[in-house]
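Below: the structure, in structure tokens.
Residue numbers (our numbering): 2 to 239.
Next comes the structure, spelled out in structure tokens:
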């Protein structure tokens with residue numbers, strides 16, 4: 002009976018201990034994992050690079066654009082000695098590929114060797130931190146999609162002053178008057194003819210897509226004669 006009690010007590014103690022240990026592993030802020038990230042103080046920001054190849058006046062690094070290097074970045078190469086670290090050379094990036102970078106060598110106090118560590122200059126590190134902060138500020142916490150156009154952009158376009166189209170409410174037309182008159186002073190015979198010509202062409206009435214086109218021509222004939230009508234007069238009347 003005593004051994005059974007001891008086994009139950011140990012089992013409860015193990016069950017109570019395991020959640021505490023698991024909770025202890027998940028608590029605490031996430032810190033940079035690599036040495037270069039710890040040196041820069043920013044996760045994912047690499048500041049140290051290895052020299053993988055040397056040429057005449059040039060050094061090739063093991064990383065390039067994928068690590069944030071661009072043309073003009075400055076790096077320093079230091080080597081440990083009896084009196085501490087001494088500056089060996091300065092590097093200036095002149096060409097960048099995705100996984101490699103070519104640097105111009107500016108010797109200071111020694112000869113550069115393959116395997117040396119090149120560190121970004123402090124001002125370059127601050128520049129990269131500023132760019133990283135600016136890029137993070139542009140990240141939206143939530144992406145909103147619209148089935149149609151963006152309402153904000155549509156609202157801005159509504160308030161943009163635009164001149165009306167030329168074909169809206171454009172009216173063109175022609176008005177003509179005709180007059181023909183004949184008078185015989187010897188026989189007091191005379192005739193006159195009045196005519197009216199109208200032509201209208203209106204497009205996009207009130208901003209709509211309705212158009213109006215029309216044409217009219219009319220004549221009025223009058224005669225002043227004391228004699229009988231002739232066949233020509235009858236034809237002209239019709």
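Don't be surprised by glycine CBs; every beta carbon is placed ideally from N, CA and C.
DSSP three-state call for residue 159: helix, strand or coil? Helix, per DSSP.
Can you find the residues in the same chain that come closer than 6 Å, C-beta to C-beta, to residue 179, ignoring five residues on each side of it along the sequence? If we look at residue 179 and ignore the five residues flanking it on each side, its Cβ neighbours are 196.
Residues in the same chain with beta-carbon distance under 6 Å from residue 181, minus the five sequence neighbours each way, listed in chain order, please. For residue 181, where only same-chain residues beyond five positions count, the Cβ hits under 6 Å are 194.
Quick one: Cα of residue 36 to Cα of residue 112, how far? Annotation note: pLDDT 48 at residue 36 (below 50); position unreliable, no value reported.
Considering only DSSP beta bridges, list what residue 218 is partnered with. Per DSSP, the beta bridge partners of residue 218 are 198.
Could you give the uninterrupted runs of the alpha helix (DSSP H) lying entirely in the region 159 to 185, keeping only those of 4 residues or more? Taken in chain order, the complete alpha helix (DSSP H) segments of 4 or more residues contained in the region 159 to 185 number zero; there are none.
Report the residue from 109, 189, 56 and 215 whose alpha carbon sits nearest the alpha carbon of residue 79. Taking only the C-alpha atoms, the option nearest residue 79 is 109.
List the DSSP bridge partners of residue 205. The partner list for residue 205 (beta bridge, DSSP) is empty, contrary to what the question assumes.
Residue 112 by DSSP, collapsed to three states: which one? Note: residue 112 maps to coil in three-state DSSP.
Coarse secondary structure for residue 10, derived from DSSP in three states: Residue confidence is low: residue 10 scores 40 on pLDDT, short of 50, so the model does not pin down where it sits. Its coordinate-derived value is still stated next. If DSSP states are grouped into helix, strand and coil, residue 10 belongs with the helices.
If residue 206 sits next to residue 217, beta carbons under 8 Å apart, how far is it from one beta carbon to the other, in whole angstroms? Contact doesn't hold; Cβ gap of about 19 Å is too wide.
Measuring only the C-alpha atoms, how far is residue 162 from residue 213? Rounded to the nearest angstrom, the two C-alpha atoms are 28 Å apart.
Just the C-alpha distance for residue 92 and residue 46, rounded to the nearest angstrom, thanks. Distance from the CA of residue 92 to the CA of residue 46, rounded to the nearest whole angstrom, comes to 19 Å.
Helix, strand or coil at residue 25 [DSSP, three-state]: Because residue 25 sits at a pLDDT of 40, beneath the cut-off of 50, its placement in the model cannot be relied upon, and the following sentence gives the value as read from the coordinates. In the structure shown, residue 25 sits in a helix (DSSP, three-state: H, G or I).
How about residue 73 and residue 102: do their beta carbons lie closer than 7 Å? Not a contact, by the Cβ cut-off of 7 Å.
Span of the beta strand (DSSP E), counted from its first residue to its last, around residue 81: Residues 75 to 82.
Of the choices 82, 115 and 89, whose alpha-carbon is the least far from that of residue 56? Checked all of 82, 115 and 89; the closest Cα to residue 56 is 115.
DSSP beta-bridge partners for residue 233? Bridge partners of residue 233: none, in fact.
Buried versus exposed call for residue 157 [16 or more other C-beta atoms within 10 Å across all chains shown]: Exposed: under 16 other Cβ atoms inside 10 Å.
Taking the beta carbon of residue 153 as the centre, do at least 16 other beta carbons fall within 10 Å, making it buried, or is it exposed? Residue burial is scored here from C-beta neighbours: residue 153 has fewer than 16 other C-beta atoms within 10 angstroms and is therefore classed as exposed.
Under the rule that 16 or more other beta-carbon atoms within 10 Å means buried, what is residue 125, buried or exposed? That one is buried.
Residue 189 versus residue 220: straight-line alpha-carbon distance, rounded: Distance between residue 189 and residue 220, taken at the CA atoms: about 23 Å.
For the candidate residues 132, 54, 176 and 185, whose alpha-carbon lies nearest to that of residue 106? When only C-alpha atoms are compared, the closest one is 54.
Under a three-way DSSP split, which group does residue 225 fall into? Three-state result, residue 225: strand.
With burial defined as no fewer than 16 other Cβ atoms inside 10 Å of the residue's Cβ, what is the status of residue 151: buried or exposed? Burial call: exposed.
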